[in-house]
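The structure appears right after this line, and notes come after that.
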Amino acid sequence: MRIPTQTLSALVVATSLLLAACGNDAPATDMSQQQAAPRVETMTAELTSVPNTIELSGRARAYTEAEIRPQVTGLIKERLFKEGDVVQKGQALYQIDAAEYAAAARSAEASLERAQATADVARETANRYKRLAEINAVSQQEYDQAVASARQAEADISMQKAALDRTRIDLARTKITSPITGTIGRSSVTQGALVTQNQAEPLARVLQLDPVYVDLTVSSSRILNWRQQMASGEIATTEKRTIPVNILLSDNDTNGLVGDLEFSEVNVDESAGTVAVRVVVPNPDGIILPGMFVRANFSAGNYEGVFLLPQSVVSRSATGQATVMIVKDDGTLEQRVIEIAEQMDNSWIVTSGLKPGEKIAVSNLQSIRPGMKVTPISEASKLSASQDARGGSK
Numbered sequence: 004m005r006i007p008t009q010t011l012s013a014l015v016v017a018t019s020l021l022l023a024a025c026g027n028d029a030p031a032t033d034m035s036q037q038q039a040a041p042r043v044e045t046m047t048a049e050l051t052s053v054p055n056t057i058e059l060s061g062r063a064r065a066y067t068e069a070e071i072r073p074q075v076t077g078l079i080k081e082r083l084f085k086e087g088d089v090v091q092k093g094q095a096l097y098q099i100d101a102a103e104y105a106a107a108a109r110s111a112e113a114s115l116e117r118a119q120a121t122a123d124v125a126r127e128t129a130n131r132y133k134r135l136a137e138i139n140a141v142s143q144q145e146y147d148q149a150v151a152s153a154r155q156a157e158a159d160i161s162m163q164k165a166a167l168d169r170t171r172i173d174l175a176r177t178k179i180t181s182p183i184t185g186t187i188g189r190s191s192v193t194q195g196a197l198v199t200q201n202q203a204e205p206l207a208r209v210l211q212l213d214p215v216y217v218d219l220t221v222s223s224s225r226i227l228n229w230r231q232q233m234a235s236g237e238i239a240t241t242e243k244r245t246i247p248v249n250i251l252l253s254d255n256d257t258n259g260l261v262g263d264l265e266f267s268e269v270n271v272d273e274s275a276g277t278v279a280v281r282v283v284v285p286n287p288d289g290i291i292l293p294g295m296f297v298r299a300n301f302s303a304g305n306y307e308g309v310f311l312l313p314q315s316v317v318s319r320s321a322t323g324q325a326t327v328m329i330v331k332d333d334g335t336l337e338q339r340v341i342e343i344a345e346q347m348d349n350s351w352i353v354t355s356g357l358k359p360g361e362k363i364a365v366s367n368l369q370s371i372r373p374g375m376k377v378t379p380i381s382e383a384s385k386l387s388a389s390q391d392a393r394g395g396s397k
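Note that my numbering has the sequence shown beginning at 4, numbered continuously upward.
Here it is in structure tokens:
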């Protein structure tokens with residue numbers, strides 16, 4: 004069969020195009036293999052001074068605490084306070100039925116009067132025997148017995164005076180008073196309850212809440228490291244006898260409570276390996292209550308000549324070392340080990356491993372590797388590109 008000339012020409016053209024397409028396949032593959040270097044955002048390492056802010060946690064404690072217990076046995080006749088009130092030192096809190104103790108005091112007074120009367124007779128007898136002994140009207144033995152009886156009567160007076168004092172003390176203790184000024188809590192007994200002398204369960208507790216103590220805990224190793232850094236000059240300090248401490252009751256706390264940390268209040272717990280740091284906090288409104296969990300932070304000088312890096316740019320090696328990706332001048336990546344001192348909010352305080360002016364990769368950290376060639380984008384370049392984009396959109 005004869006093929007028309009037009010059809011033959013069309014077949015030739017199509018074949019040529021197909022061969023041309025096949026011939027250009029190899030150069031396209033080569034270009035795909037030579038992809039452009041990935042774009043990586045960078046930040047410049049700069050030396051700075053960073054406050055050494057230490058944040059700790061602990062518990063609030065009453066500045067002074069007194070447990071109210073009876074010192075005599077009896078029935079509670081009356082409660083003389085309202086739970087939750089502020090009571091003064093010496094204020095009466097409970098009244099124990101005092102009838103029995105008042106009777107004992109009157110009996111002691113009568114015994115003292117009787118002893119004094121007996122002593123008067125004994126003294127007169129001794130004086131009379133003295134005169135009779137001088138004229139040999141009585142024997143020396145009789146005189147000596149009279150003198151001894153007088154001395155015994157005097158001693159009995161002292162014993163009765165002591166007994167009277169004891170009964171008066173017990174009588175006074177039927178009125179239970181507060182030994183300190185503070186806020187009194189709930190009462191564990193009511194009117195008519197029987198209480199016993201020096202019982203284990205307190206009747207109530209009085210707490211002084213202004214000021215209050217906040218006991219913070221920190222590991223002894225951290226304290227040691229902190230002192231070494233101060234000695235070496237890594238942390239600059241100021242000459243202060245006390246350090247102000249910010250007290251935080253919650254994440255969004257705005258109360259602004261500030262206390263004083265006194266280094267004289269530092270104690271080491273050998274069994275736990277921690278250091279207890281006591282802070283005195285003014286608490287005029289009674290916001291902080293004993294037993295409350297609080298956080299506190301304070302500034303202990305400054306880190307001088309350090310770098311501040313976002314936590315997101317720092318990775319950990321298989322051995323646990325902190326590392327960052329450095330973009331060198333030729334665009335290749337280098338993995339650098341750095342030393343971290345402390346955490347500050349969402350950043351790390353880096354003390355070594357970096358040089359001022361070095362470029363640190365801050366993006367595409369999951370896809371880049373050491374030795375890879377990248378195209379760095381600095382903060383200035385990103386700002387310029389953003390401004391150009393806004394200008395072109397107008």
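Don't be surprised by glycine CBs; every beta carbon is placed ideally from N, CA and C. None of the values given here were measured: they were computed from a predicted structure.
(request) Evaluate K376 with the Cβ neighbour count: other Cβ atoms within 10 Å of its Cβ, from every protein chain shown; 16 or more gives buried, anything less gives exposed. (result) As a working note, residue 376 is residue 373 in the sequence shown. With fewer than 16 other Cβ atoms within 10 Å, it is exposed.
(message) Whole angstroms are fine: how far does the CA of S191 sit from the CA of A151?
(response) For the purposes of this step, residue 151 is taken as the residue at position 148 of the sequence shown. For the purposes of this step, residue 191 is taken as the residue at position 188 of the sequence shown. Spanning the two alpha carbons is a distance of roughly 55 Å.
(request) Out of R82, A102, A40, L59, state which residue places its alpha-carbon closest to the alpha-carbon of A279. (result) Sequence index remark: in the sequence shown, residue 279 carries index 276 (1-based). When only C-alpha atoms are compared, the closest one is L59.
(message) Just list the residues that DSSP pairs D263 with in beta bridges.
(response) Within the sequence shown, numbered from 1, the residue matching residue 263 stands at position 260. Looking at the DSSP assignment, D263 forms a beta bridge with P247, V283.
(message) Out of P182, Q91, Q94, I160, which one is the CA nearest neighbour of R117?
(response) Your numbering for residue 117 matches position 114 in the sequence shown. Comparing Cα positions, the closest option is I160.
(request) Assign P73 to one of two classes, buried (16 or more other C-beta atoms within 10 Å of its C-beta) or exposed (fewer than that). (result) For the purposes of this step, residue 73 is taken as the residue at position 70 of the sequence shown. So P73 ends up on the buried side.
(request) Please report how far the alpha carbon of Q211 lies from the alpha carbon of T184, in whole angstroms. (result) Looking up residue 211 in the sequence shown gives position 208. Looking up residue 184 in the sequence shown gives position 181. Using only the alpha carbons, I get a separation of about 7 Å.
(message) For T128 and A149, what's the separation of their Cα atoms in angstroms?
(response) As a first step, residue 128 must be located in the sequence shown, where it is residue number 125. As a first step, residue 149 must be located in the sequence shown, where it is residue number 146. Distance between the alpha carbons of T128 and A149: 6 Å.
(message) Out of R176, T326, V53, T322, which one is the CA nearest neighbour of T76?
(response) For the purposes of this step, residue 76 is taken as the residue at position 73 of the sequence shown. Selected option, being the one with the closest Cα: R176.
(request) For the beta strand (DSSP E) containing D213, list its first residue and its last residue. (result) The residue labelled residue 213 in the question sits at position 210 within the sequence shown. 207 to 222 is the span of the beta strand (DSSP E), which, as asked, contains D213.
(request) Determine the closest residue to A158 out of L78, S181, R126, with distance taken between C-alpha atoms. (result) Mapped onto the sequence shown, residue 158 falls at position 155. That would be R126, whose Cα lies nearest to the Cα of A158.
(request) Determine the contact status of V284 and P214, defining contact as a CB-CB distance below 9 Å. (result) Start at 1 with the first residue of the sequence shown, and residue 284 comes out as number 281. Start at 1 with the first residue of the sequence shown, and residue 214 comes out as number 211. Contact flag set, yes.
(request) State the start and end residues of the unbroken alpha helix (DSSP H) segment that holds N130. (result) Position 127 of the sequence shown, counted from the start, is the residue given in the question as residue 130. Taken as a continuous stretch (DSSP letters only), the alpha helix (DSSP H) holding N130 covers 102 to 137.
(message) Among the candidates D263, A108, K85, V43, whose CA atom is the shortest distance from the CA of A303?
(response) Taking the first residue of the sequence shown as position 1, residue 303 is located at position 300. For the residues D263, A108, K85, V43, the minimum Cα distance to A303 belongs to D263.
(request) Classify P313 as buried or exposed, calling it buried when 16 or more other Cβ atoms lie within 10 Å of its own Cβ. (result) Here residue 313 refers to the residue found at position 310 of the sequence shown. So P313 ends up on the exposed side.
(message) I'd like to check one pair, N249 with N305: are the Cβ atoms closer than 9 Å?
(response) Taking the first residue of the sequence shown as position 1, residue 305 is located at position 302. Taking the first residue of the sequence shown as position 1, residue 249 is located at position 246. Not a contact, by the Cβ cut-off of 9 Å.
(request) Classify E361 as buried or exposed, calling it buried when 16 or more other Cβ atoms lie within 10 Å of its own Cβ. (result) Translated into the one-based positions of the sequence shown, residue 361 becomes position 358. Buried, because 16 or more other Cβ atoms sit within 10 Å of the Cβ of E361.
(message) I'd like to know if the segment 99 to 119 and the segment 75 to 90 are in contact, where contact means that at least 3 CB-CB pairs between them fall below 8 Å.
(response) yes
(message) I'd like the list of long-range same chain contacts for T45, defined as Cβ closer than 7 Å, with 5 residues on each side in sequence excluded.
(response) Indexing the sequence shown from 1 puts residue 45 at position 42. Only V330, K362, I363, A364, V365, P379, I380, S381 meet the Cβ criterion.
(message) By DSSP's criteria, E68 is part of a beta bridge. Which residues make up the other side?
(response) Residue mapping note: residue 68 aligns to position 65 of the sequence shown, counting from 1. Answer is L210.
(request) Identify every run of the beta strand (DSSP E) within the segment 347 to 385, keeping only runs that are complete inside it and at least 3 residues long; order them along the chain. (result) 350 to 355, 362 to 364, 378 to 380
(message) Is it the case that the segment 79 to 97 contacts the segment 186 to 204, given that we only count it when at least three CB pairs across the two stretches are under 8 Å?
(response) yes
(request) Can you say whether Q163 is buried or exposed, counting buried as having 16 or more other CB atoms within 10 angstroms of its CB? (result) Indexing the sequence shown from 1 puts residue 163 at position 160. By the neighbour-count rule (16 or more Cβ atoms within 10 Å), Q163 is buried.
(request) Check the C-beta distance from I343 over to V327 and give it rounded, since I have them as a contact under 8 Å. (result) For this step, residue 343 is matched to residue 340 along the sequence shown. For this step, residue 327 is matched to residue 324 along the sequence shown. Contact flag wrong, Cβ pair sits at about 11 Å.
(message) What would DSSP say about Q163, mapped onto helix, strand or coil?
(response) Within the sequence shown, the letter at position 160 stands for residue 163. If DSSP states are grouped into helix, strand and coil, Q163 belongs with the helices.
(request) Quick one: grab the DSSP three-state call for S190. (result) As a first step, residue 190 must be located in the sequence shown, where it is residue number 187. S190: coil per DSSP, three-state reduction.
(message) Just to confirm the assignment, what range does the beta strand (DSSP E) spanning Q98 have?
(response) In the sequence shown, residue 98 corresponds to position 95, counting from 1. Where Q98 is concerned, the enclosing beta strand (DSSP E) stretches over 95 to 99.
(request) Flag this pair as touching only if the segment 287 to 296 and the segment 60 to 69 have three or more C-beta atom pairs under 8 Å; answer yes or no. (result) yes
(request) Under 7 Å Cβ to Cβ from I57, same chain only, skipping five residues before and after it: list those, please. (result) The residue you call residue 57 lines up with position 54 of the sequence shown. Contacts found: N300, F301, A303.
(message) Quick check on I187: buried or exposed, where buried means 16 or more other Cβ atoms within 10 Å of its Cβ?
(response) Counting from 1 along the sequence shown, the entry for residue 187 is found at position 184. Per the 10 Å Cβ criterion, buried.
(message) Does N201 come out as helix, strand or coil in the three-state DSSP assignment?
(response) Along the sequence shown, read from residue 1 onward, the residue named residue 201 stands at position 198. Correct three-state label for N201: coil.
(message) Whole angstroms are fine: how far does the CA of L311 sit from the CA of E49?
(response) As a first step, residue 49 is located in the sequence shown; it is residue number 46 there, counting from the start. As a first step, residue 311 is located in the sequence shown; it is residue number 308 there, counting from the start. Roughly 8 Å separates the two Cα atoms.
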